[in-house]
Structures are given as structure tokens and as C-alpha cells.
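Scroll down for the structure; my scribbles are underneath it.
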Amino acid sequence: MADAIQPGTEGQSAWRDSVPETTATDLENLLGTGISAAQEQLERNGGFLPFALTVQNDGEVRLVAVSPADAPEGTDADFDADTMISDLQALLRQIRADFRAAAVVCDILLVEEDSDAIHVAAEHRDGSVFAAVLPYAANTAGRTFEFGELGADDNEATIWVD
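Take 270 as the starting number for the sequence shown in my numbering and just add one per residue.
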């Protein structure tokens, strides 16, 4: 079973000691970049489509996107986020030899908290995985957002699986 990362928690130093430094750096880089990019899109557009980030074998971070999938008939949605996430994961599995870590970033609903959240699910080719959520709410004044506390979430490998 892969190590679970809990960034920003008391167990973080123990987690960092349990994985190679380059793995921790890659995954933390993906988390920070994913959260920042999603926040920027929220502020600019009021929402964002699912996307992925990779840490290439040479260390460069790249954005990976797929075309929006049509929303199922009978829904008010503009696109089908679940299909887009599945497409991103399938694409990442196909090209995984080109990178050493990846994260899928999407917008989710935290049902128990009745809050939207940015969700980042990351994994490394060495088997380390983590997910984090950042709750947010639109301000009543318009296109500004208030963000809650970053928290760890459960995640399973989807890219380095056979």
C-alpha cells in the first residue's frame, strides 16, 4: 500500500521522513501549483475545468488538459466533469513514462460541509499518493472567493496501476 501524505498536519514530518526527498518535493510542488492554478481560474472565470499537472522526468512542471466532455442529457451542467477526470487519468496512464509525478485537479462538492472545494489528487511513480482539499465559497459581492483550511483527503493510485 502506498504512503498517504497529509500536508500541513502533525504527521507531515514523519511522512517526509518515510519518502525520498525528491518525491516529497515533487508532490508538494504539484499540490501548490494545482491549488494556485485553480484559485486563479476561480478568481478570473468563476470556475474551472478539471486539469492535470505533471512533473516531467527533467523536473519541469507541465499542464495537461482534455477537451470538455458533453454533459449528460437532462442535466443543467455545461460539461461532464467525471468523464473529463476519467479521460485525464487514462491519458496520464498512456504517457506515464514521460513523467515522474502527476496530479489531477478538479472542483468537488463537500456534501457534509455543503461547500465547494478544490481537490488535488497526486501520485508519484514510486507509489506515494496523496489528496488534499481546499474548501471555498463565492463572496456575495461578486467574483471574489474566500478559501478555508487546506486538509488531507483519501486517495488511491490511478496512474501507476496495471
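For every residue, glycine included, the Cβ atom is placed at its ideal position computed from N, Cα and C. All values derive from a computational prediction rather than experimental measurement.
Does glycine 277 pass the burial test, meaning 16 or more other C-beta atoms within 10 Å, or should it be called exposed? Confidence at glycine 277 is low in this model, with a pLDDT of 44, below 50, so the placement of that residue should be treated as unreliable; the coordinate-derived value is given next. A residue is called buried when at least 16 other Cβ atoms come within 10 angstroms of its Cβ; glycine 277 does not meet this threshold and is exposed.
Less than 8 angstroms between the C-beta atoms of leucine 296 and serine 397, yes or no? Leucine 296 places its beta carbon less than 8 angstroms from that of serine 397.
So glycine 303 is in the alpha helix (DSSP H); what residue range does that whole segment cover? Note, glycine 303: alpha helix (DSSP H), 290-314.
Using the C-alpha atoms, what's the distance from leucine 403 back to glutamine 275? Note on glutamine 275: pLDDT 39, under 50, position unreliable in the model; the coordinate value appears next. Straight-line spacing of the CA atoms in glutamine 275 and leucine 403 works out to 13 angstroms.
Per DSSP, cross-strand counterpart(s) of aspartate 422: Aspartate 422 is bridged by DSSP to Ala400.
Compare the beta carbon distance of alanine 401 and glutamate 415 with 8 angstroms and say whether it is the shorter of the two. The answer is no: Cβ separation not under 8 angstroms.
Could you give the first and the last residue of the continuous beta strand (DSSP E) run that contains alanine 372? Where alanine 372 is concerned, the enclosing beta strand (DSSP E) starts and stops at 368-379.
Could you have a look at arginine 331 and say whether DSSP puts it in helix, strand or coil? Residue state for arginine 331 is assigned as strand, using DSSP reduced to three classes.
State the Cα-Cα distance for the pair alanine 386 and aspartate 327, rounded to the nearest angstrom. As the crow flies, the alpha-carbon of alanine 386 is around 31 angstroms from that of aspartate 327.
Can you have a look at asparagine 314 and say buried or exposed, based on whether 16 or more other CB atoms are within 10 angstroms of its CB? By the Cβ-count criterion, asparagine 314 is exposed, with fewer than 16 other Cβ atoms from all chains shown falling within 10 Å of its own Cβ.
What separation, rounded to the nearest whole angstrom, lies between the Cα atoms of aspartate 383 and valine 374? A straight line joining the alpha-carbon of aspartate 383 with that of valine 374 spans about 19 angstroms.
Do you know whose CA, among Gln325, Arg331 and Thr292, lies nearest glycine 303's CA? It is Arg331.
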